[in-house]
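Chemist:
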Ligand code: ARG
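In the working numbering, the protein residues as written are 2 to 468.
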């Protein structure tokens with residue numbers, strides 16, 4: 002295949018070098034974005050009189066034919082073509098003849114790839130946010146449904162205080178709303194056009210770059226050509242949003258893996274979303290959640306990988322930048338499929354409410370802080386109350402008695418600070434209902450959080466519709 006840059010070379014490229022330097026095997030994924038960018042470029046060339054209107058029309062029609070080839074999976078993708086840009090231009094030239102050679106006027110593959118990849122980024126942000134929103138909606142729905150379900154809340158993975166399952170689920174939903182904002186704001190910063198920057202210094206032609214930007218839906222035009230062709234910071238932002246999202250999914254997975262164990266027994270996984278063992282007939286495994294957790298390593302790696310590629314690159318374009326695609330493609334695919342699969346997994350879970358409530362209710366000392374607060378309400382300093390209740394806890398463990406089952410007599414014996422009527426006033430249900438202040442685990446607050454979540458989801462959808 003003749004190289005677009007072959008003029009100054011006397012020897013053909015070594016086959017090993019050709020295979021080593023090609024990007025077409027992966028950047029063919031940018032085909033449709035390349036067409037989109039080229040169509041806008043053609044219009045800008047016509048406006049700046051570098052193409053006649055009829056040439057512009059012929060090129061545009063030719064590009065639409067190449068688009069058809071791409072959609073039919075028929076665009077030739079030989080590695081000798083090097084990259085998707087050359088593949089498109091070559092196919093175009095075969096269709097429209099030598100006129101195809103005018104498409105690259107005032108353009109370099111450096112500003113072209115920067116543009117194609119930003120168009121891809123917009124698509125990737127849309128995909129991730131749409132999938133994320135669906136998971137948030139599922140979690141919000143379940144959270145409302147489980148607003149009254151009691152369970153033990155944990156710190157250090159030790160039972161700490163009673164909470165509602167609804168509160169636990171809403172926590173993850175709220176975390177994910179921030180993740181969606183991260184994606185959207187990554188796009189806000191990426192929403193500027195590189196095309197028109199040429200190879201590195203700009204072009205000799207008076208392009209109406211604002212027109213190109215408008216045609217491609219970019220909000221503004223990048224103001225410095227060196228910056229435009231050489232930075233990849235917006236993908237670092239995107240990969241970082243991916244990393245944080247996947248971290249949240251991974252933590253949620255860990256909770257669900259624990260809950261699915263016989264030791265916890267809090268959830269039952271749907272058959273369609275769990276897997277078995279080839280050896281142990283009884284097994285039903287949480288592979289979905291484990292893989293989401295496992296893939297997090299790769300997602301972090303992609304962020305670190307791109308940062309490392311960028312570190313130490315002199316301005317402006319360097320071929321190292323070609324490596325950026327692996328990280329971004331992989332993270333987009335992985336995060337989106339994790340969000341979608343988790344949505345199905347979580348949406349099909351059966352919560353073992355009885356077991357969760359029992360774990361909260363039968364625990365001997367889960368209400369220790371509530372008991373301390375009984376004393377606090379009578380004016381006892383919290384530190385003193387803590388000490389006194391510590392003794393009560395010790396007594397309960399020794400006697401294998403629940404704290405809420407102690408009689409007034411037993412409590413008085415342990416400390417005369419306890420007011421009469423303390424006995425029998427405490428329960429896990431009472432405890433969660435007390436947590437009414439903003440942010441607490443009470444069912445009323447879960448309802449309030451649900452309203453917040455609905456508002457956030459609709460805000461995200463609105464922003465999404467504008468990108
Ligand atoms: N495949 C290249 C990339 O992804 C396209 C730009 C090539 N530019 C060049 N000067 N060789 O970065």
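Even glycine gets a Cβ: it sits at the ideal position worked out from N, Cα and C. Computed from a predicted structure; not experimentally measured.
To the nearest whole angstrom, what separates the beta carbons of residue 74 and residue 340, a pair I think is in contact under 8 Å?
Modeler: Not quite, the Cβ-Cβ distance comes to about 27 Å (not below 8 Å), so this is no contact.
Chemist: Please report the distance separating the alpha-carbon of residue 315 from that of residue 328.
Modeler: Distance between the alpha carbons of residue 315 and residue 328: 21 Å.
Chemist: How many whole angstroms separate the CB atoms of residue 454 and residue 171, which I take to be in contact at a CB cut-off of 8 Å?
Modeler: Contact holds; Cβ gap of about 7 Å.
Chemist: Work out the CA separation of residue 256 and residue 157 for me, nearest whole Å.
Modeler: Cα to Cα, the separation comes out at about 13 Å.
Chemist: Looking at residue 111 and the ligand ARG, is the gap between the Cβ and the nearest heavy atom below 7 Å?
Modeler: Under cutoff, so the answer is yes.
Chemist: Name the residue from 337, 356, 136 and 198 whose alpha carbon lies nearest to the alpha carbon of residue 261.
Modeler: Per the Cα distances, 356.
Chemist: Going by DSSP, what residues sit across from residue 248 in a beta bridge?
Modeler: BP columns for residue 248 are empty, so no partner.
Chemist: Taking one C-beta from the segment 302-319 and one from the segment 211-218 each time, how about it: are there three or more such pairs within less than 8 Å?
Modeler: At 8 Å Cβ cutoff, the stretches do not touch.
Chemist: Nearest-angstrom Cα distance between residue 1 and residue 430?
Modeler: Nothing can be reported for residue 1, as the shown portion of the chain is limited to 2 through 468.
Chemist: Using 8 Å as the Cβ pair cut-off and three pairs as the minimum, do the segment 281-292 and the segment 80-94 touch?
Modeler: Output reads no: the segment 80-94 does not touch the segment 281-292.
Chemist: Give the DSSP-derived three-state secondary structure of residue 253 in the structure shown.
Modeler: Looking at residue 253 - three-state DSSP - the assignment turns out to be helix.
Chemist: From residue 336 to residue 95, what does the alpha carbon distance come to, in whole angstroms?
Modeler: Answer to the nearest angstrom: the Cα atoms are 39 Å apart.
Chemist: So, are the CB atoms of residue 461 and residue 130 less than 8 Å apart?
Modeler: Contact: yes.
Chemist: Could you tell me whether the segment 63-74 touches the segment 243-251, using the rule of 3 or more Cβ pairs below 8 Å?
Modeler: Verdict: no, contact absent.
Chemist: Would the beta-carbon of residue 234 be found less than 7 Å away from any heavy atom of the ligand ARG?
Modeler: Flag unset: Cβ of residue 234 not near the ligand ARG.
Chemist: Give the secondary structure of residue 192 by DSSP, where H, G and I count as helix, E and B as strand, and everything else as coil.
Modeler: Coil.
Chemist: Which residues in the same chain as residue 372 place their Cβ atom closer than 7 Å to its Cβ, once the five residues preceding and following it in sequence are excluded?
Modeler: 390, 393, 404 and 427.
Chemist: May I ask you to check if the CB of residue 316 is nearer than 7 Å to at least one heavy atom of the ligand ARG?
Modeler: Answer for residue 316: no, Cβ out of range of the ligand ARG.
Chemist: Answer with buried or exposed for residue 113, where buried requires no fewer than 16 other C-beta atoms within 10 angstroms of its C-beta.
Modeler: Label assigned to residue 113: buried.
Chemist: What does residue 221 pair with, by DSSP beta-bridge criteria?
Modeler: Bridge partners of residue 221: 193.
Chemist: Quick one: Cα of residue 25 to Cα of residue 10, how far?
Modeler: Whole-angstrom Cα-Cα distance: 22 Å.
Chemist: Among the candidates 22, 63, 361 and 18, whose CA atom is the shortest distance from the CA of residue 36?
Modeler: Among 22, 63, 361 and 18, the Cα nearest to that of residue 36 is on 63.
Chemist: Indicate, with yes or no, if the ligand ARG has a heavy atom lying under 7 Å from the CB of residue 231.
Modeler: Because no heavy atom of the ligand ARG lies under 7 Å away, the Cβ of residue 231 does not count as near it: no.
Chemist: For the segment 118-126 against the segment 187-202, do three or more pairs of beta-carbon atoms, one drawn from each stretch, fall closer than 8 Å, so that the two count as touching?
Modeler: The segment 118-126, when compared against the segment 187-202, does touch it at the 8 Å Cβ threshold.
Chemist: What do you get for residue 173, buried or exposed, if any count of 16 or more other CB atoms within 10 angstroms of its CB means buried?
Modeler: The residue in question, residue 173, is buried, as its Cβ has 16 or more Cβ neighbours within 10 Å.
Chemist: Less than 8 Å between the C-beta atoms of residue 442 and residue 137, yes or no?
Modeler: Contact flag unset, no.
Chemist: At which residue ranges does the segment 389-461 contain complete alpha helix (DSSP H) runs of 4 or more residues, listed in the order of the chain?
Modeler: As far as the segment 389-461 is concerned, its whole alpha helix (DSSP H) runs of at least 4 residues are 409-415 and 429-435.
Chemist: Looking at residue 209 and residue 48, is the spacing between their C-beta atoms short of 8 Å?
Modeler: Yes, they are a contact pair.
Chemist: If you run the structure through DSSP and keep just helix, strand and coil, what is residue 154?
Modeler: Here residue 154 sits in strand by DSSP.
Chemist: If I follow the unbroken beta strand (DSSP E) through residue 164, where does it start and stop?
Modeler: It spans 159-165 - the beta strand (DSSP E) in which residue 164 sits, taken as one unbroken run.
Chemist: Report yes if the C-beta of residue 114 is less than 7 Å from at least one heavy atom of the ligand ARG; otherwise report no.
Modeler: It does: the Cβ of residue 114 is within 7 Å (strictly closer) of some heavy atom of the ligand ARG.
Chemist: Candidates 420, 269 and 181: which alpha carbon is nearest residue 247's?
Modeler: Checked all of 420, 269 and 181; the closest Cα to residue 247 is 181.
Chemist: For residue 321 and residue 332, I'd like the C-alpha separation in whole angstroms.
Modeler: So the two alpha carbons sit approximately 19 Å from each other.
Chemist: Can you tell me which of 206, 378, 387 and 44 puts its alpha carbon nearest to the alpha carbon of residue 369?
Modeler: Here the closest residue by C-alpha is 387.
Chemist: Roughly how many whole angstroms lie between the Cα atoms of residue 206 and residue 8?
Modeler: C-alpha separation (whole angstroms): 23 Å.
Chemist: In three-state terms, what does DSSP make of residue 269?
Modeler: DSSP places residue 269 in strand when its eight states are reduced to three.
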